[in-house]
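Asks:
Residue numbers (my numbering): 122 to 909.
Okay, structure coming up:
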């Protein structure tokens with residue numbers, strides 16, 4: 122049976138909880154450029170959504186951003202929004218203080234929000250004339266801005282001017298977090314990451330309403346923060362890293378800069394000094410911290426559990442007290458993390474002695490103690506937070522901590538550790554806690570994972586990224602995306618609103634957004650990644666599959682990014698680019714390396730070779746040139762394979778295929794770039810494996826890359842186990858010029874397909890299909906074709 126109850130849309134009075142039925146609704150993808158996304162397509166999924174049928178707000182070139190008069194905090198959020206939107210829109214977007222009640226543009230107000238939003242939530246209202254975000258705090262406004270950002274076309278993330286239009290679907294969202302702590306952790310000790318990399322990661326996690334970044338500042342392999350009382354910690358203990366690289370550390374000014382940068386994004390920095398184990402960098406820096414008064418050599422391996430501060434020496438506690446005092450003075454946030462894990466070289470008695478001594482140092486500096494869950498072996502400290510990183514559903518240390526009054530931060534290694542491989546074939550990461558594909562990262566509940574721990578003890582979730590195999594920003598991004606947004610939804614959204622089948626579609630809609638931002642994400646086969654229609658020159662970073670390459674941000678590249686780090690044998694594939702009828706290939710490339718060859722192939726990276734073109738050094742990575750070759754006949758998806766001697770051959774910015782036009786081809790209905798009301802339905806019998814369904818009267822889909830100019834006929838492949846209805850073919854908008862319509866009768870079942878055809882009158886502009894009929898569950902659309 123095809124479930125035509127439709128999982129009733131949230132066109133009800135605003136509520137403060139979302140039912141499981143509503144969760145299944147919030148699934149419309151946003152693969153688009155310059156087209157409105159469904160209000161329910163956001164990640165994390167909002168608490169309450171009330172769409173306004175037929176209402177679209179288009180941001181005009183003269184729009185202003187009006188903020189709460191007299192509020193510096195609101196103005197800061199307004200400036201943040203303007204900075205996000207200006208590059209792609211090309212609009213000035215001045216930020217001004219609101220005088221009276223705004224009636225047009227974008228308004229950010231610290232008044233009038235629904236009381237349920239609390240300290241971090243927001244209320245977003247979109248009408249044809251005005252976008253209003255209301256909240257009780259600047260943090261709430263900021264989170265509302267992140268939602269607005271996702272409701273705009275993915276092209277808004279580009280750093281160069283795009284064509285627009287900049288449309289937002291009408292309606293209301295009321296949203297607030299499930300947990301107050303929604304964190305990510307970055308290990309800067311095993312491999313060091315500079316200020317710019319950390320800032321980039323802060324920008325990326327802020328999009329998904331993550332509000333804590335936990336920095337793992339010390340370990341056996343490196344000490345990463347200057348401590349004035351113990352200067353060799355950074356100067357010597359920070360001089361190396363895993364594999365023997367140069368390492369590095371943050372000056373106090375740099376650390377303070379990171380804290381301020383995070384705070385501007387409403388993210389709290391939690392610093393960690395791991396002890397009594399994981400301390401070789403400190404022990405190598407100061408002999409007196411060792412029981413034998415002999416400093417060990419610096420360590421560049423990846424073993425754990427072999428180091429320990431000397432618990433019996435008083436200098437150890439002077440050291441800890443001074444380190445924590447200096448760190449607390451630099452850190453305005455409420456927490457200091459003291460580690461406490463894998464202290465295998467410390468006896469149980471010494472561990473308890475050490476932790477009982479140092480916890481009061483934290484509270485004496487006005488901070489709350491955080492530590493890994495082994496901290497439960499020690500006496501309780503008021504407000505203490507135990508971070509669970511185990512892989513089982515029970516833990517004696519954690520239970521002991523909770524019984525003493527501790528709160529729990531959930532980071533189970535087999536679900537939340539971002540350094541675990543996705544699959545055995547993943548080039549980065551470890552496997553000791555298991556493989557973590559996106560569905561594994563998403564499908565668990567922090568409140569019920571550990572049956573012996575009451576839900577009231579859980580304060581939130583954190584996604585740690587340890588850096589044994591992670592050496593650069595692209596590695597961080599590859600391991601975090603798409604799993605970090607999955608875990609962010611666990612922390613923000615109500616459990617009743619979460620559903621894997623709807624989440625994976627919403628997550629797939631983030632793909633074009635990440636591509637526009639230059640995020641090097643893992644294209645999980647579990648996720649139906651949205652790809653915009655291909656027209657003209659193709660951005661190389663819009664690949665749908667790849668091996669070995671990374672995306673490189675470059676303001677001089679078309680779209681602001683290029684594909685780089687190309688070595689011999691790497692390749693990229695484009696499932697939506699067909700080589701049929703193509704006779705030529707031109708690519709825009711740059712090379713500060715040795716150059717190499719681009720092979721143009723059909724169907725796979727080892728498929729039919731259609732042509733190849735040599736790429737010489739252009740004299741630098743930012744110096745571009747075109748290379749061109751002819752192609753032999755072929756058909757099927759395009760693959761570009763790169764060959765050459767060594768590594769770092771060349772980068773590719775974009776390319777174009779030339780030749781005879783392809784015959785009229787079917788367009789997959791689910792490749793829409795804007796929509797209202799519909800959902801994607803998986804069906805193996807549908808072209809492409811999906812069809813557009815749950816169609817009710819007044820729903821519509823739009824295609825920004827499909828122009829009706831010169832088209833005289835329309836044919837659609839449909840199915841219906843419902844009452845049927847009518848497809849209206851319109852130009853430019855869902856209320857634009859009507860070019861034709863065709864009746865759709867019941868086909869006898871949702872899996873039974875038939876074609877319907879009609880002629881079209883002349884028109885021009887993007888295609889919109891509008892659906893009408895009596896009631897709900899009218900019909901489904903699989904694909905269509907326009908004929909000249």
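For each residue, glycine too, the CB sits at the ideal point set by N, CA and C.
Run through DSSP, which three-state label would residue 245 get?
Replies: Here residue 245 refers to the residue found at position 124 of the chain shown. Three-state result, residue 245: strand.
Asks: Quick check: what's the CA-CA separation for residue 273 versus residue 167?
Replies: Here residue 273 refers to the residue found at position 152 when the chain shown is read from its first residue. Here residue 167 refers to the residue found at position 46 when the chain shown is read from its first residue. Using only the alpha carbons, I get a separation of about 16 Å.
Asks: In whole angstroms, give me the CA-to-CA distance for residue 856 and residue 163.
Replies: Here residue 856 refers to the residue found at position 735 when the chain shown is read from its first residue. Here residue 163 refers to the residue found at position 42 when the chain shown is read from its first residue. Our two residues, residue 856 and residue 163, have alpha carbons roughly 25 Å apart in a direct line.
Asks: Inspect the CB distances between the stretch 178-197 and the stretch 278-290 and report whether three or more fall short of 8 Å.
Replies: yes
Asks: Going by beta-carbon coordinates alone, are residue 559 and residue 648 separated by less than 8 Å?
Replies: Position 438 of the chain shown, counting from 1, holds the residue named residue 559. Position 527 of the chain shown, counting from 1, holds the residue named residue 648. Yes, Cβ-Cβ distance for residue 559 and residue 648 is below 8 Å.
Asks: Using CA atoms only, rank isn't needed, just tell me which of 222, 589, 270, 577 is closest to residue 551.
Replies: Within the chain shown, the letter at position 430 stands for residue 551. A check of alpha carbon separations from residue 551 across 222, 589, 270, 577 identifies 589 as the nearest.
Asks: Whole angstroms is fine: what's the gap from residue 721's alpha carbon to residue 850's?
Replies: Counting from 1 along the chain shown, the entry for residue 721 is found at position 600. Counting from 1 along the chain shown, the entry for residue 850 is found at position 729. Using only the alpha carbons, I get a separation of about 37 Å.
Asks: If you draw a straight line from the alpha carbon of residue 572 to that of residue 439, how long is it in whole angstroms?
Replies: Locating residue 572 in the chain shown gives position 451, where the first residue counts as 1. Locating residue 439 in the chain shown gives position 318, where the first residue counts as 1. Cα to Cα, the separation comes out at about 40 Å.
Asks: So residue 703 is in the beta strand (DSSP E); what residue range does that whole segment cover?
Replies: Within the chain shown, residue 703 is the residue found at index 582, counting from 1. Start and end: 703-712.
Asks: Just to confirm, are residue 837 and residue 876 a CB contact at a threshold of 8 Å?
Replies: Along the chain shown, read from residue 1 onward, the residue named residue 837 stands at position 716. Along the chain shown, read from residue 1 onward, the residue named residue 876 stands at position 755. It is a contact, given that the beta carbons lie within the stated cut-off.
Asks: Spell out the partners DSSP gives residue 749 in its beta bridges.
Replies: On the chain shown, residue 749 is found 628 positions in, with the first residue counted as 1. Residue 749 pairs with 707.
Asks: Tell me the rounded alpha-carbon separation between residue 621 and residue 436.
Replies: The residue you call residue 621 lines up with position 500 of the chain shown. The residue you call residue 436 lines up with position 315 of the chain shown. Residue 621 and residue 436: Cα-Cα distance of roughly 53 Å.
Asks: Residue 682: buried (16+ other C-beta within 10 angstroms of its C-beta) or exposed?
Replies: Against the chain shown, residue 682 aligns to sequence position 561. Residue 682 is buried by the Cβ-count criterion.
Asks: Going by other Cβ atoms of all chains shown within 10 Å of its Cβ, with 16 needed for buried, is residue 228 buried or exposed?
Replies: Looking up residue 228 in the chain shown gives position 107. So residue 228 counts as buried.
Asks: For residue 749, which of 718, 740, 302 has the nearest alpha-carbon?
Replies: Working through the chain shown from its first residue, we reach residue 749 at position 628. Measuring from the Cα of residue 749, the nearest candidate turns out to be 718.
Asks: Quickly, what does DSSP pair residue 837 with across the bridge? List them, please.
Replies: Position 716 of the chain shown, counted from the start, is the residue given in the question as residue 837. Answer is 877, 905.
Asks: What would DSSP say about residue 897, mapped onto helix, strand or coil?
Replies: Sequence index remark: in the chain shown, residue 897 carries index 776 (1-based). Coil, per DSSP.
Asks: How about residue 232 and residue 189: are their beta carbons less than 8 Å apart?
Replies: Looking up residue 232 in the chain shown gives position 111. Looking up residue 189 in the chain shown gives position 68. In this structure, residue 189 lies closer than 8 Å to residue 232 by Cβ.
Asks: List the endpoints of the continuous alpha helix (DSSP H) containing residue 847.
Replies: Residue 847 sits at position 726 when you count from the first residue of the chain shown. Residue 847 -> not in any alpha helix (DSSP H); beta strand (DSSP E) instead, spanning 846-852.
Asks: Among 895, 499, 835, 824, which has the Cα closest to the Cα of residue 158?
Replies: As a working note, residue 158 is residue 37 in the chain shown. The candidate whose alpha carbon is nearest that of residue 158 is 824.
Asks: Tell me the DSSP secondary structure of residue 760 in three-state form.
Replies: If you number the chain shown from 1, residue 760 lands on position 639. The answer is strand: DSSP assigns residue 760 an E or B state.
Asks: Using only alpha-carbon positions, find the residue among 351, 210, 360, 702 that is nearest to residue 446.
Replies: Position 325 of the chain shown, counted from the start, is the residue given in the question as residue 446. Checking every option, the nearest Cα to that of residue 446 belongs to 351.
Asks: Tell me whether residue 414 is buried or exposed, calling it buried when 16 or more other Cβ atoms sit within 10 Å of its Cβ.
Replies: Position 293 of the chain shown, counted from the first residue, corresponds to residue 414. It counts as exposed.
Asks: Measuring alpha carbon to alpha carbon, tell me which of 835, 874, 898 ends up nearest residue 889.
Replies: On the chain shown, position 768 is the one that residue 889 refers to. For residue 889, the closest C-alpha among the options 835, 874, 898 is that of 835.
Asks: Just mark residue 885 as buried or exposed, buried being the case when its beta carbon has 16 or more other beta carbons within 10 Å.
Replies: On the chain shown, residue 885 is found 764 positions in, with the first residue counted as 1. It is exposed - the Cβ of residue 885 has fewer than 16 other Cβ atoms within 10 Å.
Asks: Which of helix, strand or coil does DSSP assign to residue 890?
Replies: Looking up residue 890 in the chain shown gives position 769. Of the three classes helix, strand and coil, the one that applies to residue 890 here is strand, per DSSP.
Asks: Using a 10 Å radius around the Cβ and a threshold of 16 neighbouring Cβ atoms, would you call residue 907 buried or exposed?
Replies: For the purposes of this step, residue 907 is taken as residue 786 along the chain shown, with counting starting at 1. Residue environment: residue 907 is assigned as buried (16 or more neighbouring CB atoms within 10 Å of its CB, all protein chains considered).
Asks: Return the Cβ separation of residue 443 and residue 292 in integer angstroms, given the expectation that the two are a contact with Cβ distance under 8 Å.
Replies: Residue mapping note: residue 443 aligns to position 322 of the chain shown, counting from 1. Residue mapping note: residue 292 aligns to position 171 of the chain shown, counting from 1. About 55 Å separates the beta carbons of residue 443 and residue 292, which is beyond the 8 Å limit, so they are not a contact pair.
Asks: Report all residues from its chain with a CB closer than 6 Å to the CB of residue 733; omit the five preceding and five following residues, and keep chain order.
Replies: Within the chain shown, the letter at position 612 stands for residue 733. Cβ within range, chain order: 718, 720.
Asks: Looking at residue 503: is its Cβ nearer than 8 Å to the Cβ of residue 448?
Replies: What you label residue 503 is simply residue 382 of the chain shown in a count that begins at 1. What you label residue 448 is simply residue 327 of the chain shown in a count that begins at 1. No, Cβ-Cβ distance for residue 503 and residue 448 is not below 8 Å.
Asks: On a Cα-Cα basis, can you pick out the residue from 242, 775, 198, 815 that is closest to residue 295?
Replies: Looking up residue 295 in the chain shown gives position 174. Taking only the C-alpha atoms, the option nearest residue 295 is 242.
Asks: By the DSSP assignment, the beta strand (DSSP E) with residue 272 in it spans what residues?
Replies: Looking up residue 272 in the chain shown gives position 151. Careful: residue 272 lies outside any beta strand (DSSP E), inside the alpha helix (DSSP H) at 259-272.
Asks: Measuring only the C-alpha atoms, how far is residue 694 from residue 760?
Replies: As a working mapping, residue 694 is identified with position 573 in the chain shown. As a working mapping, residue 760 is identified with position 639 in the chain shown. Answer to the nearest angstrom: the Cα atoms are 4 Å apart.
Asks: Does the contact criterion of 3 or more C-beta pairs under 8 Å hold for the stretch 332-351 versus the stretch 189-208?
Replies: Not touching, per the Cβ criterion.
Asks: Report the start-end ranges of each alpha helix (DSSP H) in the stretch 145-223 that is 4 residues or longer and not cut off at the edges.
Replies: If we require 4 residues or more, the alpha helix (DSSP H) runs fully inside the stretch 145-223 come out as 193-210.
Asks: Using three-state DSSP, classify residue 142 as helix, strand or coil.
Replies: Reading the chain shown from its first residue, position 21 is the one you call residue 142. Residue placement at residue 142 is poorly supported in this model, since its pLDDT is 26, which falls under 50; the coordinates are not used for a value here.
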